[in-house]
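Asks: The numbering used here numbers the first residue of the sequence shown as 20 and each following residue consecutively.
Structure provided below as structure tokens; questions to follow.
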Amino acid sequence: MRDALLRLDPWDYLPLVYLALAVAVLGWNVLIAGQIARLPRTAKWFSRLAGVIGLLLAPAIVVAIAVASYDGARTVRGVAWIWPLLCGLIVIQSAWATIGRMVSSAVGAPILCYNIALFVLSITDYLLATRGTAPTALLGLVAGRDTVLGLFFGRAALASPLALQLPLLVPASPARYRASATVRALLVLTATAAGALLVLEWPRGVGAVRSYAPWATDQLQERAASEFAVGVRLLPVLGDSPKVGPVRNDLALADSLDPQAVLLVLAPEAARGVALDSISRIIDVLRGDSTRILIGLAMGPDETRRARARGAQGTAERLAALERITRRLRPDVVFPGWEPAMPGVIVERPMPPEWWRPYLVRAARTVRGVRPRTQVALSLSRLDLADSVLLAWAQSQRTRDTRPIDVVAAQVMPSFSGAPAVDARLRALDRWLVRDIASASPPLPLWVAAASALPRAHGDESQRVTLLHVMAWATRRPVVRGVIVGDAGDYEAATGLRAADGRLRPAVRTVMRVTRGLRERSGAR
Numbered sequence: 020m021r022d023a024l025l026r027l028d029p030w031d032y033l034p035l036v037y038l039a040l041a042v043a044v045l046g047w048n049v050l051i052a053g054q055i056a057r058l059p060r061t062a063k064w065f066s067r068l069a070g071v072i073g074l075l076l077a078p079a080i081v082v083a084i085a086v087a088s089y090d091g092a093r094t095v096r097g098v099a100w101i102w103p104l105l106c107g108l109i110v111i112q113s114a115w116a117t118i119g120r121m122v123s124s125a126v127g128a129p130i131l132c133y134n135i136a137l138f139v140l141s142i143t144d145y146l147l148a149t150r151g152t153a154p155t156a157l158l159g160l161v162a163g164r165d166t167v168l169g170l171f172f173g174r175a176a177l178a179s180p181l182a183l184q185l186p187l188l189v190p191a192s193p194a195r196y197r198a199s200a201t202v203r204a205l206l207v208l209t210a211t212a213a214g215a216l217l218v219l220e221w222p223r224g225v226g227a228v229r230s231y232a233p234w235a236t237d238q239l240q241e242r243a244a245s246e247f248a249v250g251v252r253l254l255p256v257l258g259d260s261p262k263v264g265p266v267r268n269d270l271a272l273a274d275s276l277d278p279q280a281v282l283l284v285l286a287p288e289a290a291r292g293v294a295l296d297s298i299s300r301i302i303d304v305l306r307g308d309s310t311r312i313l314i315g316l317a318m319g320p321d322e323t324r325r326a327r328a329r330g331a332q333g334t335a336e337r338l339a340a341l342e343r344i345t346r347r348l349r350p351d352v353v354f355p356g357w358e359p360a361m362p363g364v365i366v367e368r369p370m371p372p373e374w375w376r377p378y379l380v381r382a383a384r385t386v387r388g389v390r391p392r393t394q395v396a397l398s399l400s401r402l403d404l405a406d407s408v409l410l411a412w413a414q415s416q417r418t419r420d421t422r423p424i425d426v427v428a429a430q431v432m433p434s435f436s437g438a439p440a441v442d443a444r445l446r447a448l449d450r451w452l453v454r455d456i457a458s459a460s461p462p463l464p465l466w467v468a469a470a471s472a473l474p475r476a477h478g479d480e481s482q483r484v485t486l487l488h489v490m491a492w493a494t495r496r497p498v499v500r501g502v503i504v505g506d507a508g509d510y511e512a513a514t515g516l517r518a519a520d521g522r523l524r525p526a527v528r529t530v531m532r533v534t535r536g537l538r539e540r541s542g543a544r
């Protein structure tokens with residue numbers, strides 16, 4: 020762990036800094052709540068209010084984090100209102116302490132304004148978690164909040180349950196010591212800066228939410244199901260035998276969508292023993308005459324850290340896992356390295372192209388030695404310069420009999436700006452396609468795997484129209500052979516077709532309509 024921390028860039032420590040600040044704010048709130056409850060001259064109801072806030076602080080934070088995560092949402096959804104309730108009680112405490120002149124207005128007023136903003140945000144988060152929608156102005160405030168937290172968490176702030184701001188209690192007595200006065204001054208500066216950033220980012224957040232509106236009327240070009248497939252990514256990254264709940268829910272979703280392709284992502288640890296047998300049984304249920312099975316070997320932060328630390332031995336272990344996966348699961352397409360499009364809170368620098376090229380060559384040799392029918396795919400998750408270099412290299416090997424790559428798959432999703440980030444990624448793909456065509460050799464077949472959105476940040480409707488737009492873009496380009504939508508659920512991040520509490524988002528109906536339309540047109544031909 021120590022070696023991993025030493026390898027982090029200075030900016031990568033910001034999530035840890037923010038989490039440390041959050042713990043400090045929690046400690047401040049507990050301290051102030053206890054002090055107010057013990058003040059002899061304070062109104063009894065005010066002392067009791069402080070006591071209730073002190074009791075609710077830790078449980079409410081746990082509920083706020085759990086309601087946005089798959090493992091906790093169904094457990095706490097009946098009490099999801101506790102977080103807005105706590106924020107509302109803190110607004111009352113702040114207002115009474117400020118208006119009642121228990122503390123200087125220079126201290127109380129900025130914190131009160133900050134707490135009011137967080138109370139509005141808590142209500143909006145509750146509406147998004149339970150209904151998937153809220154007024155545009157409130158959604159814009161959430162989008163602005165995520166942009167502010169993005170200074171610490173990066174894009175993980177858009178979907179991580181840890182991206183949470185804590186309200187501040189206002190002290191109910193003047194500062195007695197210089198140290199306590201200094202702490203209060205720092206808190207006031209923090210609340211003022213956070214409130215100012217929220218106000219500044221609010222218009223941009225509203226613009227991000229509204230940016231999806233032009234896509235609502237997008238139309239798909241007719242493509243036969245044999246020429247173009249719509250699929251879905253199921254289950255979280257599997258490091259062991261799949262849990263019963265996700266398997267049951269995702270199989271039911273797959274049965275409703277009737278996809279032409281299914282993608283599962285496995286960690287190397289899942290490529291052995293009982294775990295691999297369990298995954299094989301799931302794939303046997305999913306496999307059909309026209310359903311393609313895509314398997315990705317995860318290359319997330321943990322796997323990247325391990326590959327960097329273990330060197331040649333780590334590469335050999337990944338290739339051995341890839342061999343077992345190909346032999347046991349018999350996939351139609353395999354991704355030797357699947358990197359997540361949405362980064363985690365703690366990031367790890369990606370491996371450079373100099374590592375990827377020899378690894379992909381060896382991976383292709385391994386896969387074809389076991390099952391020649393299986394295609395080897397290159398996953399492009401960032402669509403940056405490094406991905407462009409890898410794509411150009413894969414395209415340059417296109418005409419060779421021993422070519423390492425058969426298929427290219429790009430991941431597409433929005434960012435803080437909303438729709439413009441999706442269009443930027445699609446324009447990058449268009450530029451690369453033009454470049455490949457100009458090289459006088461046919462471009463490699465392209466998949467969009469996977470296409471996802473940000474319902475937690477921009478609302479459920481943004482997810483629906485984003486998937487519609489990406490599928491419309493893909494059907495207008497013959498080189499694009501399919502789109503994998505995902506994730507099925509809010510597993511690693513709040514990007515799923517099914518919300519953390521089990522509610523199916525409206526995008527499910529859109530994907531269902533598209534897949535059925537493709538099959539009907541294919542049958543008519």
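Glycine included, every Cβ here is placed at the ideal spot set by N, Cα and C.
Note down, in chain order, each residue of its chain lying with its Cβ closer than 6 Å to the Cβ of residue 235, except the 5 sequence neighbours on either side.
Replies: 484.
Asks: Measuring straight from C-alpha to C-alpha, what distance separates residue 34 and residue 40?
Replies: Distance between the alpha carbons of residue 34 and residue 40 is about 10 Å.
Asks: Three-state secondary structure (DSSP) at residue 21?
Replies: Bear in mind that a pLDDT of 45 at residue 21, under 50, signals an unreliable position, so the number given afterwards is only what the model happens to contain. Helix.
Asks: Using the C-alpha atoms, what's the distance from residue 108 back to residue 72?
Replies: Each residue's alpha carbon lies about 7 Å from the other.
Asks: CB-CB under 7 Å to residue 533, same chain, minus the five flanking residues each way: which ones, in chain order?
Replies: Here the set comprises 239, 249 and 490.
Asks: From the DSSP output, which residues share a beta bridge with residue 451?
Replies: Answer by DSSP bridge pairing: none, since residue 451 is not bridged.
Asks: Closer than 7 Å by C-beta to residue 20: which residues in its own chain qualify, once you throw out the five before and the five after it? Chain order, please.
Replies: With a pLDDT of 42 at residue 20, under the threshold of 50, the modelled position of that residue is not reliable, and the figure given next carries that caveat. The answer is none, since no qualifying residue turns up.
Asks: For residue 79 and residue 142, I'd like the C-alpha separation in whole angstroms.
Replies: If I take the Cα positions, the gap works out to 13 Å.
Asks: Do residue 261 and residue 301 count as a contact pair if the criterion is CB distance below 8 Å?
Replies: Yes. Within cutoff.
Asks: Sort 67, 74 and 100 by Cα distance to residue 82 and report the nearest one.
Replies: Checked all of 67, 74 and 100; the closest Cα to residue 82 is 100.
Asks: Just the Cα atoms here: how many angstroms apart are residue 38 and residue 488?
Replies: Going from the Cα of residue 38 to the Cα of residue 488 covers about 36 Å.
Asks: Do residue 225 and residue 127 have their C-beta atoms within less than 8 Å of each other?
Replies: Not a contact, by the Cβ cut-off of 8 Å.
Asks: On the three-state DSSP scale, how would you describe residue 492?
Replies: Residue 492: helix per DSSP, three-state reduction.
Asks: In the structure shown, what three-state DSSP assignment does residue 243 receive?
Replies: Here residue 243 sits in coil by DSSP.
Asks: With 16 as the cutoff for other CB atoms within 10 Å, does residue 404 come out buried or exposed?
Replies: Exposed, by the Cβ-count rule.
Asks: Less than 8 Å between the C-beta atoms of residue 5 and residue 471, yes or no?
Replies: No statement about residue 5 is possible, as the shown extent of the chain runs from 20 to 544 and does not include it.
Asks: Do you know how far the Cα of residue 258 is from the Cα of residue 221?
Replies: Looking at the two C-alpha atoms, the distance is approximately 40 Å.
Asks: Measure the alpha-carbon distance for residue 106 versus residue 134 and round it to whole angstroms.
Replies: Near 7 Å, if we compare the C-alpha coordinates of residue 134 and residue 106.
Asks: Mind checking whether residue 223 and residue 166 have CB atoms under 8 Å apart?
Replies: It is a contact, given that the beta carbons lie within the stated cut-off.
Asks: Using beta-carbon positions only, say whether residue 396 and residue 427 come within less than 8 Å of one another.
Replies: Going by C-beta atoms, residue 396 is nearer than 8 Å to residue 427.
Asks: Runs of 4 residues minimum, wholly inside the region 277 to 307: which ones carry the alpha helix (DSSP H) assignment?
Replies: Those alpha helix (DSSP H) runs which fall completely within the region 277 to 307 and span 4+ residues are 292 to 305.
Asks: Taking residue 368 as part of the beta strand (DSSP E), name the residues at either end of that continuous run.
Replies: No beta strand (DSSP E) holds residue 368; DSSP gives it neither H nor E.
Asks: Between the C-alpha atoms of residue 229 and residue 281, what's the straight-line distance to the nearest angstrom?
Replies: In a straight line, the C-alpha of residue 229 is about 32 Å away from that of residue 281.
Asks: So, for residue 504: in the same chain, excluding its five sequence neighbours on each side, which residues have a beta-carbon less than 6 Å away from its beta-carbon?
Replies: Answer for residue 504: 251, 470, 486 and 530, listed in chain order.
Asks: Under 8 Å: do the region 508 to 517 and the region 433 to 453 share three or more Cβ pairs, one atom per stretch?
Replies: Contact between the region 508 to 517 and the region 433 to 453 is absent, because fewer than three Cβ pairs lie under 8 Å.
Asks: Once the 5 residues before and after residue 393 are set aside, which same chain residues still bring their CB inside 8 Å of it?
Replies: So the qualifying residues of the chain are 345, 349, 350, 351, 352, 353, 386 and 387.
Asks: With C-beta atoms as the reference, is residue 493 less than 8 Å away from residue 499?
Replies: For residue 493 and residue 499, yes; Cβs fall inside 8 Å.
Asks: Do you know how far the Cα of residue 279 is from the Cα of residue 463?
Replies: So the two alpha carbons sit approximately 20 Å from each other.
Asks: What did DSSP end up calling residue 252 once you bin it into helix, strand or coil?
Replies: Correct three-state label for residue 252: strand.
Asks: Report the residue from 146, 112 and 144 whose alpha carbon sits nearest the alpha carbon of residue 9.
Replies: In the structure as shown, the chain begins at 20 and stops at 544. Residue 9 is therefore absent and cannot be evaluated.
Asks: Rounded to the nearest angstrom, how far is the Cβ of residue 213 from that of residue 364, given a contact under 8 Å?
Replies: Contact flag wrong, Cβ pair sits at about 19 Å.
Asks: Can you tell me whether residue 435 is helix, strand or coil according to DSSP?
Replies: Coil, per DSSP.
Asks: Would you kindly work out how many angstroms separate the C-alpha atoms of residue 15 and residue 502, rounded to a whole number?
Replies: The structure shown does not extend to residue 15, since the chain is modelled only from 20 to 544, so the question has no answer here.
Asks: If I follow the unbroken alpha helix (DSSP H) through residue 36, where does it start and stop?
Replies: Per DSSP, residue 36 belongs to the alpha helix (DSSP H) from 33 to 57.
Asks: Ends of the alpha helix (DSSP H) at residue 173?
Replies: Premise fails: residue 173 is in no alpha helix (DSSP H) and is neither H nor E.
Asks: Taking residue 399 as the reference, which of 87, 170 and 410 has the closest Cα?
Replies: That would be 410, whose Cα lies nearest to the Cα of residue 399.
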